[in-house]
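For the sequence shown, our numbering assigns the number 1 to the initial residue and increments by one for each residue that follows. Backbone N, C-alpha and C define an ideal beta-carbon position, used for all residues, glycine too. Here the structure is a predicted model, which is why all the values come from computation and not from measurement. Accompanying notes for the structure given below.
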Amino acid sequence: MSTYNVARSAVEVSGHKADLFKVGFGTSAQNDEIVRDAEKVLAGIFDESDDELSTTCKGGSLALVNGPASLPVAVVIAHSLLHRYGAVAVFDPKMSGYVVAASHNPATPLGMVIPA
């Protein structure tokens, strides 16, 4: 079993089409192992294939992240997603929405809150 879990689903939140990444810890481990497992799981989600019937994710304009992560794991997730998405927003329960934490897209500026 993996020390970190990531599951992707296509969603629409407040009129924004996005990929939602539900994340969370698996079996108990230290961050040095967890970051490697998180990267492996994300690499599997984004496995590039020439197969036209492939169901792997190709990226898009907006990635939403929801769930617990240590700071080292959060950096791994952000790094992986920013190669494939125009913006990454992270769920903030105090704001009841997703806060854009990194963006290459002027339509989703840094700090924008997308209501959940």
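Fill in: Selected residue, minimal CA-CA separation from ASN105, among GLN30, VAL41, SER2 and LEU62
LEU62
Worksheet entry | Cβ-Cβ separation, PHE21 to LEU71 (assumed contact under 8 Å), whole Å | Their Cβ separation, rounded to whole angstroms, is 17 Å, which puts LEU71 and PHE21 out of contact at 8 Å.
Worksheet entry | Proximal residues to PRO68 (C-beta, below 8 Å), its chain only, five neighbours per side dropped | VAL23, GLY24 and PHE25
Worksheet item: Should ASP37 be labelled buried (16 or more other beta-carbon atoms within 10 Å of its own) or exposed?
Response: buried
Practice prompt. Spatial neighbours of SER54 within its chain, please: CB distance less than 6 Å, with the 5 preceding and 5 following residues excluded, ordered by chain position.
Written response: Unreliable placement is indicated for SER54, whose pLDDT of 45 sits below 50; no coordinate value is reported for it.
Worksheet item: Smallest Cα separation from TYR85: which of PHE91, THR108 and MET112?
Response: THR108
Discussion item. In the DSSP assignment, the beta strand (DSSP E) including ALA87 goes from what residue to what residue?
Written reply: 85-92
Worksheet item: Using DSSP with H/G/I as helix, E/B as strand and the rest coil, what is ASP32?
Response: helix
Practice prompt. Could you spell out the range, first to last residue, of the alpha helix (DSSP H) harbouring LEU20?
Written response: Run containing LEU20: none in the alpha helix (DSSP H); it sits in the beta strand (DSSP E), 16-25.
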